[in-house]
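Under the numbering used here, the first residue of the sequence shown is numbered 166, with each subsequent residue one higher.
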Amino acid sequence: MKKIFIALAMVFSVAGLSAQNKVLYNFKASTLDGQNFDLSSLKGKKIMVVNTASKCGLTPQYALLEKLYEKYKDRNFVIIGFPANNFGSQEPGTNSEIKTFCTQNYGVTFPMMSKISVKGADIDPLYSWLTSKAENGVIDAPVQWNFQKFLINENGQLADVAFPKELPDEEKIIKWIEGK
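Shown next as structure tokens:
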């Protein structure tokens, strides 16, 4: 009986370790053009992951995100946008339509991924990791609305969350990017 208990304890401790050892680099995505995007290609960079929408009151944040990306992209920083239609059907377009919208209206040059689900039964595995302390080892941070920002450190670990109404150029984010 003691051996069974020890074996079960080892299984549960290994399962717990693997969940907390998971990092952003364990995930893959697909770009708006349908190309595979291995997030491990971003090792060593600070990364902002943001769920986006084209028909939201917060959509003008695209301009601030692009400005932030332009300023810091040569300083080991990248923004990755994940369009999602989870809130008020505010991202109804196809990947092609989303790409055209972002490019024509906001001049977006940071990487934009294919539309995914960021909550609910069909949540994308990346967002399951981002939003669940059991998976990321840091914080429970369910996506509240469009333009929630997840800050990932150079080791691929979740460092902080900026909620939708927090602008991309707020002091907290700038200090994090600059390491202050």
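All C-beta atoms, glycine included, are put in the ideal place defined by N, C-alpha and C.
Continuous beta strand (DSSP E) stretch holding residue i: start and end
i: F266; result: Looking at the DSSP string, F266 is not in any beta strand (DSSP E); the run it does join, the alpha helix (DSSP H), is N260 to Y271.
i: L323; result: L323 to A327
i: K314; result: K314 to I317
Euclidean distance between Cα positions of residue i and residue j
i: P257; j: K314; result: 21 Å
i: N191; j: S206; result: 11 Å
i: L291; j: E262; result: 23 Å
i: A218; j: N186; result: 31 Å
i: I338; j: T259; result: 30 Å
i: T224; j: E336; result: 20 Å
i: W341; j: S195; result: 27 Å
i: G344; j: I212; result: 13 Å
Strand pairing of residue i, partner residues [DSSP]
i: N216; result: F247
i: T196; result: M278
i: F252; result: Answer is none; F252 lacks a bridge partner.
Residue i classed as buried or exposed, judged by whether at least 16 other C-beta atoms fall within 10 angstroms
i: D239; result: exposed
i: Q309; result: exposed
i: S254; result: exposed
i: G209; result: exposed
i: D287; result: exposed
i: P248; result: buried
i: P329; result: buried
Segment limits, alpha helix (DSSP H) that includes residue i
i: A299; result: K298 to N301
8 Å contact criterion, which residue i and residue j should meet: CB distance rounded
i: Q226; j: L316; result: Contact flag wrong, Cβ pair sits at about 15 Å.
i: C267; j: M277; result: 6 Å
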